[in-house]
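Worksheet: the structure to be examined is printed underneath.
Numbering (this note's numbering), first residue to last: 776 to 1144.
Spelled out as structure tokens, the structure:
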């Protein structure tokens, strides 16, 4: 559901200064378990309308309703605003509050804009057509010592799903599969469709049955991902997330294809092309993996991006979503296909590899979100 803006105007009450108002709001917010609050001086001028908005974050409608009631207690004549409190009873998340002080020649008031948004819809596994199954070929641990030979194909991967991400043989670019079509973003940053015989050492796929959750505006990647996990309430579950919208900022990377004998994952981490784009519309697709599976995958989010016009994409490093729709799909089954016919895989001693640290260094700290 898109954000809604509710406005109340409270006449400036004699003896209540801006500083006292700020202190009161801060105290009220803390008493009601506000997660974050930041206030600055509110400016005004008698020469006209001068506004200096300040955002205050609140976690619940209950906290907001209580604060509004306290506003009303300042002047019991403002009974018309009790309707606003009633309206907010069905709101489960308060996105932000903006406080304005406005000065006119004959009016002195405080205006409060309350921006609310309904909580993201809960999602559950959908068993029809195998949409509850996440298919994975290989593991990220394979890449740590440089086992980068392609051991499956796009054609085989598409038998298990029409949506996914991965990387090519020798870490040849960043793959994203949407609607059954696979694209690779290489060192040029431009997406190209790849044939069914394109090989990969690691990839994920699933049958898309995304459920709409919510819309978001003006939110950074870290905060967006945090809110998605909180909304899903599934930190110990695999799920896929798809965000389609316009990003005011998008930073991606593509690893440059390596040649045999292949280097280790840490050695490859510095051999990549970085791409930046502003005001780009497209799809960010990724998977969330529980921390207990770190090694088999990246703990947390692993996300790729594809612009609608296919001129830009890659592995997502950072982003700011201007406005977009968020969809999620939960899995209760993980199917891992291992390259048991590959002699390098069969004979490698993984006990000599610091798998978790290598993945975190190459993916987690700077690349996975």
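Beta carbons are placed, not taken as given, at the ideal position from N, Cα and C, and that holds for glycine.
Contact between residue 1001 and residue 948 does not hold, since the beta-carbon distance rounds to 29 Å and is not under 8 Å. Runs of the alpha helix (DSSP H) lying entirely within the stretch 1004-1045, each at least 4 residues long, are 1040-1043 in chain order. In this structure, residue 913 sits near residue 977, with a CB-CB distance shorter than 7 Å. Taking one beta carbon from each stretch, the stretch 1022-1032 and the stretch 897-905 have fewer than 3 pairs nearer than 8 Å; the two do not touch. In this structure residue 1105 does not touch residue 935 by the C-beta definition: roughly 17 Å separates them, more than the 8 Å allowed. Of the residues assessed, residue 997 falls on the exposed side of the cut-off, its CB having fewer than 16 other CB atoms within 10 angstroms.
Residue state for residue 982 is assigned as coil, using DSSP reduced to three classes. Remark: C-beta atoms of residue 1076 and residue 1061 approach each other more closely than 7 Å.
The C-alpha of residue 981 lies about 30 Å from the C-alpha of residue 1124. Residue pairing for residue 1098: DSSP places it in a beta bridge opposite 992, 1021. Under the three-state reduction of DSSP output, residue 949 falls in the strand class. Rounded to the nearest angstrom, the Cβ distance from residue 956 to residue 1040 is 28 Å, too far for a contact under 8 Å. Judged by DSSP in its simplified three-state form, residue 901 adopts coil rather than helix or strand. Its Cα nearest to that of residue 989, the residue 1017 stands out among 963, 1017, 1135. Per DSSP, residue 930 is one residue of the alpha helix (DSSP H) stretching across 929-932. When DSSP reads this structure, residue 1064 sits in a beta bridge with 1075. The three-state reading of DSSP puts residue 973 in coil, since its state is none of H, G, I, E or B.
The secondary-structure analysis by DSSP pairs residue 968 across a beta bridge with 958. Between residue 1081 and residue 1057, the gap from beta carbon to beta carbon is short of 7 Å. Beta-carbon to beta-carbon, residue 940 and residue 971 are separated by about 17 Å, too far to satisfy the 8 Å threshold.
A straight-line Cα-Cα distance of about 15 Å links residue 1030 and residue 924.
Looking at 1097, 1090, 1071, the one whose alpha-carbon comes closest to that of residue 917 is 1071.
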